[in-house]
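Down below is the structure, laid out as structure tokens.
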Amino acid sequence: MPQPVDLGELNLNMYDEILPSEMEELRQQAEDLRGLRILHINATPYGGGVSELLRSLVPLERALGLDSNWQVITADKSFFRVTKAIHNALQGAPYKLTKSDRETYLAYNSLNARDITDDYDVIIVHDPQPAAICSLRSDIKAKWIWRCHIDTSAPNSEAWEFLYPYVSKHDAKVFTMPDFIPKGLDGKIEIIAPAIDPLSPKNTTLPEHMARQLINWIGVPKDGPLICQVSRFDPWKDPLGVIEAYHLIKQELPNVHLALIGSMALDDPEGWEIYQTVVDVAKKDRNLHVFTNLIGVGDLQVNAFQRLADVVIQKSIREGFGLVISETLWKGTPVVAGRAGGIPSQMAGGGGFLVNSVEETAEKTLILINDRKFADLEGSRGREYVRKNFLVTRLVRDHLQLMASLLRVAV
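For the sequence shown, my numbering begins at 2 and goes up steadily by one.
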């Protein structure tokens, strides 16, 4: 059965200090939906962008007077193996969906659907893992929303044909970008970009001396330029390509350090294989550091890395959105990133370079390391663009408008 996730409380006054006019508008908008019963369902309470988003979004909805809840589905490794393959297939990877895969997917969706209660006005289902629950619980009269966080612009046809009947049953479907909407999908479709929480441990203000202490404590000396990538150990994030770029950079800057920082999630068994490959490569280079959330590197350490890095790389090949871009730019640190998914939309106001290859990644990273005045300017431009477009207050506003339209409430 789905498990509730424990969450802390938020003080809205803290957001007033950062975004006073936006918060006043948000309070007025939420007033007409006060007491609305909302359930968010996803696959894991930690280890990825969706769980990070919900950890801020749900408490903020509660603080605004909504009865917002978050539950995580229960399943075993066989289910997560199938759903990871479906996830990759929806982003274009080849995949042959077997009868056993279909049965596993539906068995665990049925198991979790059975225990969803009819206590909600709106149920928001995040990504492919729990997408069939809506179809399996037609007796629940809530408005159902499917929120897709991945790039489904060119999905594997077999995977999409399997998922389509379940997705189409939702009252609304939400995508990050118009390009991600699969062909043939109709009904109410909304475009809502994700956002970061400026007050979360990963993004809150962190004094430089504390950031340096955190990084030094885990064994990364600041005795040369520092570059890093923060992401899952996922083939679409191309960590091995980042290492190749680092080797090119090292030819010009022998004392450069690279830190690869990844989250290991319950729903991503593939990540362990890629992690081991990266660790094996790193053993040969004392300036190449590999960390995960399971060995003491949490949100505060990520915050410190993103603040102190000369450049943050995000060499994604495919990307749903890539919140790490907004996280980094919010700290004023420039970015070199793959031209994939929602990354260009976050860098439309500046913030660094978009790239298409290992060689270009190395070249643009060197420019930013060697020209600190230019790098600081790009970082400042990127921070301001994130402030205007990619903070959680804007995300909540978009959610409120969507839910109001489904319930026909004027806000």
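Cβ atoms here follow ideal geometry from the backbone N, Cα and C, with glycine treated the same way.
Here the structure is a predicted model, which is why all the values come from computation and not from measurement.
What separation, rounded to the nearest whole angstrom, lies between the Cα atoms of residue i and residue j?
i: W145; j: S169; result: 10 angstroms
i: R148; j: V175; result: 5 angstroms
i: L67; j: I193; result: 20 angstroms
i: M15; j: M265; result: 31 angstroms
i: I87; j: L54; result: 22 angstroms
i: I318; j: D235; result: 10 angstroms
i: K316; j: G353; result: 13 angstroms
i: I219; j: A305; result: 11 angstroms
i: L355; j: D33; result: 42 angstroms
i: I117; j: A338; result: 40 angstroms
i: P208; j: K285; result: 33 angstroms
i: R38; j: G350; result: 37 angstroms
i: L164; j: E328; result: 32 angstroms
i: K223; j: P131; result: 44 angstroms
i: V257; j: L369; result: 13 angstroms
i: E360; j: I314; result: 13 angstroms
i: E271; j: N157; result: 19 angstroms
i: E18; j: V387; result: 16 angstroms
Indicate the three-state DSSP secondary structure (helix, strand or coil) for residue i in the structure shown.
i: P5; result: strand
i: K415; result: A question about residue 415 goes unanswered here, because the residues of the chain that appear run from 2 up to 412.
i: F354; result: strand
i: I87; result: helix
i: V221; result: coil
i: N12; result: coil
i: Q92; result: coil
i: L408; result: helix
i: R340; result: coil
i: I216; result: helix
i: I19; result: coil
i: R233; result: coil
i: I151; result: coil
DSSP beta-bridge partners for residue i?
i: L392; result: I197
i: W145; result: I124
i: R384; result: Per DSSP, none; premise fails for R384.
i: E191; result: V175
i: V397; result: V397 pairs with nothing; no bridge assigned.
i: V73; result: Q4 and N43
i: R38; result: D68
i: L227; result: H258
Got a sec: is the Cβ-Cβ distance from residue i to anything in chain B below 9 angstroms?
i: A108; result: In summary, chain B is missing from the structure at hand, where a single protein chain is found.
Would you mind giving the Cβ-Cβ distance between residue i and residue j, rounded to the nearest angstrom? I have them listed as a contact below 8 angstroms.
i: K124; j: I42; result: The sequence as given places Ile at residue 124; Lys does not occur at that position. Right, their Cβ atoms sit about 7 angstroms apart.
i: L107; j: A133; result: 6 angstroms
i: A143; j: D128; result: Contact flag wrong, Cβ pair sits at about 19 angstroms.
i: H171; j: C135; result: 5 angstroms
i: F292; j: A246; result: Not confirmed; about 19 angstroms, so no contact.
Exercise. For the region 238-319, which segments carrying the beta strand (DSSP E) assignment without a break, of at least 3 residues, lie completely within its bounds, in sequence order?
Worked result: 258-263, 289-293 and 312-315
Exercise. If you scan the region 119-143 from start to end, which runs of the alpha helix (DSSP H) of 4 or more residues do you find wholly inside it?
Worked result: 134-137
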